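Number of protein chains: 2
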Amino acid sequence: MIGERHKTALAEILGADGVVQDCASLAAYENGARYDRGSAALVLRPRGTAEVSACVAYCVREHIELIPQSGNTGLVSGSTPDTSGAQVVLSLDRMTPIFDLDIDNRSIHVDAGTRLSDINGRLEPGGLFFPIDLSADPRVGGMLATNTGGSRFLKYGDVRSNTLGLKVVLADEAGTVVDLLSGLRKNNTGVDWKQLFIGTSGAFGIVTECVLNLERLPRQVSTAYLVPRTGTAVMPLLRAMEERLGSYLSAFEGMSGNAITATLAHVPSLRNPFQNGDVPNYVILAEVSRSWLPRDDEQPLDAVLETVLAEVWGAEDAPLANAFVGPAREMWALRHALSEGVKHAGRLVAFDLSFRRADVLAFCDWMKLELPSHFPDVAIFDFGHIGDGGVHFNLVVDEARAGPVDIAFERRLRDWVYSIAVDRFGGSFSAEHGVGRKNQAYYDLYTQKKHKDLAAGLKQLTSPGRLGSVCFG
Amino acid sequence: MIGERHKTALAEILGADGVVQDCASLAAYENGARYDRGSAALVLRPRGTAEVSACVAYCVREHIELIPQSGNTGLVSGSTPDTSGAQVVLSLDRMTPIFDLDIDNRSIHVDAGTRLSDINGRLEPGGLFFPIDLSADPRVGGMLATNTGGSRFLKYGDVRSNTLGLKVVLADEAGTVVDLLSGLRKNNTGVDWKQLFIGTSGAFGIVTECVLNLERLPRQVSTAYLVPRTGTAVMPLLRAMEERLGSYLSAFEGMSGNAITATLAHVPSLRNPFQNGDVPNYVILAEVSRSWLPRDDEQPLDAVLETVLAEVWGAEDAPLANAFVGPAREMWALRHALSEGVKHAGRLVAFDLSFRRADVLAFCDWMKLELPSHFPDVAIFDFGHIGDGGVHFNLVVDEARAGPVDIAFERRLRDWVYSIAVDRFGGSFSAEHGVGRKNQAYYDLYTQKKHKDLAAGLKQLTSPGRLGSVCFG
């Protein structure tokens with residue numbers, strides 16, 4: 001689908017080993033982390049910003065469509081080619097050499113192809129980390145493109161609020177490089193251009209390097225499972241914990257009984273932590289943490305958490321039915337296994353929604369009442385980040401009863417869930433996974449015309465070339 | 001300078017009391033917080049988004065230049081009219097009725113004319129606050145337009161990272177209202193448009209309402225003055241404090257001996273807190289805080305701070321020469337008086353700079369060596385936010401020796417200081433005050449052509465009308 005002339009020209013820019021064209025090697029770049037299957041004309045593997053710029057300039061001039069790909073761990077078909085066979089993947093997987101730590105500034109300058117685990121592995125001895133906690137291990141360019149949140153958003157914020165600088169290649173005929181790498185924490189001298197390239201799936205430019213804020217690594221961690229008295233007790237419980245624990249509180253994650261049960265059944269290494277094995281309807285994983293080493297004269301963190309839980313439990317109208325402090329590793333293991341676990345419960349149709357915080361449970365409760373009459377053979381296996389309003393709203397279809405899930409059924413189900421989430425509850429149809437090809441139809445449906453017009457104008461202004469899997473205009 | 005026809009039309013939109021035209025009443029809107037003196041054709045005082053939209057639409061269609069004004073506490077001539085007498089001020093001072101607290105979401109929806117002190121005064125009984133700590137008391141629209149940082153940026157971040165939503169009126173012929181008020185903490189469904197309107201001085205639209213993130217109010221606070229052994233000991237000291245205090249550390253402010261001495265001399269209510277009254281060359285005000293009420297079984301915060309300081313002091317190559325814990329109110333009173341204090345030391349030429357954190361002191365040290373040979377009768381009275389790299393670099397001219405400061409002298413001095421700050425140290429010429437008319441020349445000088453082109457395009461796309469005191473294109 002792409003002529004020899006282009007292959008030769010691109011190999012001149014990148015060297016022969018920078019251009020992948022044999023079918024066996026292409027596969028890893030064509031297939032997404034979940035379901036997604038596409039077909040690439042070619043994969044380009046530049047080794048630095050200058051090579052990205054040269055590739056982009058060539059492709060824009062030759063009207064070749066580029067799909068930037070980072071760790072390819074996303075779930076919305078944002079980083080893989082479509083099935084046309086005409087798109088060229090630009091992979092960041094060789095963009096890793098820069099690793100420039102500024103200890104005094106608590107920041108690091110890295111290439112966009114660096115893996116999250118590499119950053120944090122190399123920083124650990126110095127007691128620092130990039131504080132985005134994910135179940136996956138993406139490369140940082142993709143984290144920027146989707147503005148990932150993760151399990152500790154409540155304490156540290158998202159990728160956006162931890163980004164101090166970027167270098168970006170625009171998809172214009174020159175492959176213009178925009179240097180926004182200053183690394184300053186404060187700078188109000190005009191438009192903060194880096195914001196346009198965060199969370200926009202690479203449509204306005206390819207991020208090639210970045211400067212990230214680092215935080216002190218937690219040195220003391222304590223976790224508890226909390227069982228709220230009812231669904232409506234979850235927000236009073238969160239308020240009570242925030243009031244008493246303030247900046248200690250680093251996670252407040254919700255797990256439905258369905259999600260827990262499915263995960264315990266399918267991941268044999270997990271122990272059922274609940275009394276008599278009875279899984280409650282809903283469980284909160286609360287984490288408190290401190291970044292300093294334990295001090296002799298200081299109450300241990302487990303004791304702090306126990307004191308606070310006793311206080312909350314003892315209050316009038318206590319929102320707690322049960323609570324127990326336990327080993328952090330084991331408690332998180334269950335939480336991090338949920339995503340895999342629910343996949344085994346049946347055919348999964350997954351949603352990454354967000355709401356104002358109180359509406360997460362309100363939405364889930366509404367769905368529990370209404371879903372059965374609309375989609376009788378679909379069950380809810382939700383879990384998520386109550387502390388920031390995000391919920392991985394997973395629906396599992398009983399295919400034995402409903403028949404196999406076809407595209408029309410999935411589309412009907414998605415349309416209905418999104419309409420409730422967005423129109424009725426004022427929520428977002430993509431909390432932290434971005435748009436991608438998968439959510440394009442919902443972007444088109446739920447985005448106001450004025451916003452689309454602005455996006456189309458911005459696209460012309462920055463990267464008029466064909467770049468990325470999403471059309472925001 | 002503005003015809004009766006326009007006055008009549010605008011009075012029809014706003015009512016007679018919404019249009020100010022008598023000289024006595026105009027003065028408050030024409031003069032800035034420091035030095036700035038302008039002349040307005042008219043002041044418009046809308047009472048809500050719909051009225052702002054109608055005014056803006058009229059003015060754009062009639063080619064009338066609008067200057068949005070919020071609390072008018074800024075220091076860069078961003079919110080006042082120029083001296084032409086042709087500009088119309090659009091004041092937010094009657095935009096205050098909305099005050100809609102969402103306790104569960106820890107957020108508040110307010111009108112852009114609401115004062116910071118009003119927000120925090122009304123929130124205090126509930127134990128919440130908008131965590132931007134300033135010496136001034138601006139209205140929130142201006143805080144958004146300049147993206148203010150303040151003294152507790154280190155712990156809570158800037159206005160940008162605490163903004164969940166905006167409503168904006170664009171300067172086009174329709175006065176288009178863009179609603180970005182969702183209040184979601186996570187939403188990655190396209191361009192995060194609100195970022196364009198934060199820190200850009202109202203050039204791309206007038207923010208009329210916003211949703212702000214709230215934090216738990218500190219319930220325990222402890223402060224200390226730290227005297228670093230040398231200038232180069234400041235960063236090791238900050239690192240040692242961050243390592244041992246983590247999220248407790250809520251401020252790490254630097255104060256030069258010059259600034260302290262001038263302030264003690266001119267503010268009689270302040271007590272000299274130093275042994276024998278000997279003011280050190282440089283003093284850090286460190287604050288630790290916790291948002292929960294004291295618990296019986298918990299070590300008091302003063303004791304925590306003392307333990308940590310003893311540890312830091314006892315270390316090999318200790319960066320500390322002296323340190324003492326003292327009453328927070330008194331310690332902050334000196335810090336917050338510095339801005340006023342240095343004004344009494346002579347003719348002030350003030351700079352609001354920022355650097356990577358280690359470069360604040362490196363820059364100040366360089367200046368101490370080099371300034372005397374370039375500007376012999378100018379002394380340095382710096383103070384600032386070491387924890388986030390910001391420095392209020394104040395120069396005081398001895399007019400008795402140098403003669404009165406004229407425009408040419410101030411321009412020469414500014415040009416030289418900015419060239420060192422930006423070109424040599426990679427710093428910013430405006431950390432948290434924005435651009436304004438005052439910094440327009442430095443924006444023009446230090447902004448890359450590509451960035452100006454992008455800004456000009458963005459201006460056409462959003463607010464093609466004449467809006468605001470700054471030209472970013």
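If you read the protein sequences in the order shown, they are chains A and B. If you're matching positions, the first sequence starts at 1 in UniProt numbering and goes up one per residue. If you're matching positions, the second sequence starts at 1 in UniProt numbering and goes up one per residue. Ideal Cβ positions, reconstructed from N, Cα and C, are used throughout, including at glycine. Here the structure is a predicted model, which means the values were calculated and not measured.
Those residues which DSSP pairs with residue i across a bridge
i              : result
S70 (chain B)  : DSSP, once it has assigned bridges, lists no residue as partnering S70 (chain B).
H109 (chain B) : B:D100, B:V211
F383 (chain A) : A:M255, A:H392
K167 (chain A) : A:D179, A:E209
V20 (chain B)  : B:V43
V304 (chain A) : Paired residue(s): none; V304 (chain A) is not in a bridge.
Whole-Å CB distance - residue i paired with residue j, under 8 Å assumed
i              : j              : result
A54 (chain B)  : I2 (chain B)   : Contact doesn't hold; Cβ gap of about 17 Å is too wide.
L395 (chain A) : V422 (chain A) : Not quite, the Cβ-Cβ distance comes to about 16 Å (not below 8 Å), so this is no contact.
L166 (chain B) : C210 (chain B) : 5 Å
A431 (chain A) : K186 (chain B) : 4 Å
G205 (chain A) : T462 (chain A) : 6 Å
G150 (chain B) : D133 (chain B) : 4 Å
Coil, strand or helix - residue i by DSSP
i              : result
F324 (chain B) : strand
P372 (chain B) : helix
M255 (chain B) : strand
L353 (chain A) : strand
A224 (chain B) : strand
E330 (chain A) : helix
N31 (chain A)  : strand
I64 (chain A)  : coil
S91 (chain A)  : strand
S430 (chain A) : coil
F425 (chain B) : coil
L285 (chain B) : strand
Cut-off 7 Å between Cβ atoms - residues of its own chain near residue i, not counting five sequence neighbours on either side
i                     : result
L217 (chain A)        : E124, G127, L128, F129, S291
E306 (chain A)        : V325
L101 (chain B)        : I108
I98 (chain A)         : H109, V110, D111, E209
I198 (chain A)        : L144, N147, V159, R160, T163
residue 533 (chain A) : This structure gives no information on residue 533 (chain A), because the portion of chain A shown stretches from 1 to 473.
A214 (chain B)        : Sequence inspection shows Leu at residue 214 (chain B); the Ala mentioned does not correspond to that position. Around L214 (chain B): R106, S107, I108, L123, L128, F129, F130.
C49 (chain B)         : It is Thr, not Cys, that sits at residue 49 (chain B) in the sequence shown. K167, V169, V177, T208, E209.
Buried or exposed (CB count within 10 angstroms, at least 16 for buried), residue i
i              : result
T232 (chain A) : exposed
E51 (chain B)  : buried
P464 (chain B) : exposed
S25 (chain A)  : exposed
H374 (chain A) : exposed
H344 (chain B) : exposed
R335 (chain A) : buried
Y446 (chain B) : buried
L293 (chain A) : exposed
L196 (chain A) : buried
E287 (chain B) : buried
C364 (chain A) : buried
P268 (chain A) : exposed
Q87 (chain A)  : buried
P372 (chain B) : exposed
N188 (chain A) : buried
H63 (chain A)  : exposed
Residues of its chain near residue i, where Cβ-Cβ distance is below 8 Å and the 5 sequence neighbours each way are ignored
i              : result
T83 (chain A)  : R37, G38, S39
D302 (chain B) : S222, V325
R357 (chain B) : M235, L238, I386, G387, D388, G389
D453 (chain A) : G473
Residues near residue i in its chain [Cβ-Cβ closer than 6 Å; skip 5 each side]
i              : result
P322 (chain A) : Reading off the sequence, residue 322 (chain A) comes out as Asn, not Pro. V227, listed in sequence order.
P68 (chain B)  : L90, G202, I206
A350 (chain A) : N394
T73 (chain B)  : A33, A136, P138
E65 (chain A)  : Q87, R466
F425 (chain A) : F355, D359, F363
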